[in-house]
Amino acid sequence: MQNTNQNRAFTLIELLVVIAIIAILAAILFPVFAQARAKARQTACLSNMKQIGIAVLSYAQDYDELILPSQNDSNGVLVSWPSLIQPY
C-alpha cells in the first residue's frame, strides 16, 4: 500500500535558485530601466527647449522682429522674457 498523503512542497534549494534567478534578472533590468528613464527625461527636455524656441520666434514675429527685451513695467517691476513669451 502506497502513502497517498505525500508531502508536496518546494525544497529550500529550489526556493534559493528561484530567488537567485529573480535577483540576476533584476540586476540586468534595473540599468535598462534607468537608461530608459534618462532617455525619456532627455526627450522631454528637448521638447521643452523646442517649445521655448517656437515661443521666442512667435514673439519676434508679432513684434516686428524684435527680440525679447528686459524692461520695467509702469510699476517699476522688471518684466523678463519668460513672462513675455508666456502667452505663446
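To convert, count from 1 in the sequence shown and add 2; that's the numbering used here.
All residues carry an ideal CB built from backbone N, CA and C; glycine is no exception.
* When DSSP labels each residue in this structure, what does N50 get in the three-state scheme? -> helix
* In angstroms, rounded to a whole number, what distance separates the CA positions of I54 and F12? -> 59 angstroms
* Asked: Are there three or more Cβ pairs, one per stretch, closer than 8 angstroms when the region 54-70 is compared with the region 81-90?
  -> yes
* Do W83 and S72 have their CB atoms nearer than 9 angstroms? -> yes
* Asked: Going by the CB atoms, is the gap between N74 and L80 shorter than 9 angstroms?
  -> yes
* What did DSSP end up calling Q88 once you bin it into helix, strand or coil? -> coil
* **Alpha carbon of Y29 to alpha carbon of D66, nearest angstrom** => It is worth fixing the name first, because residue 29 is Ala in this sequence and not Tyr. Those two C-alpha atoms are separated by around 57 angstroms.
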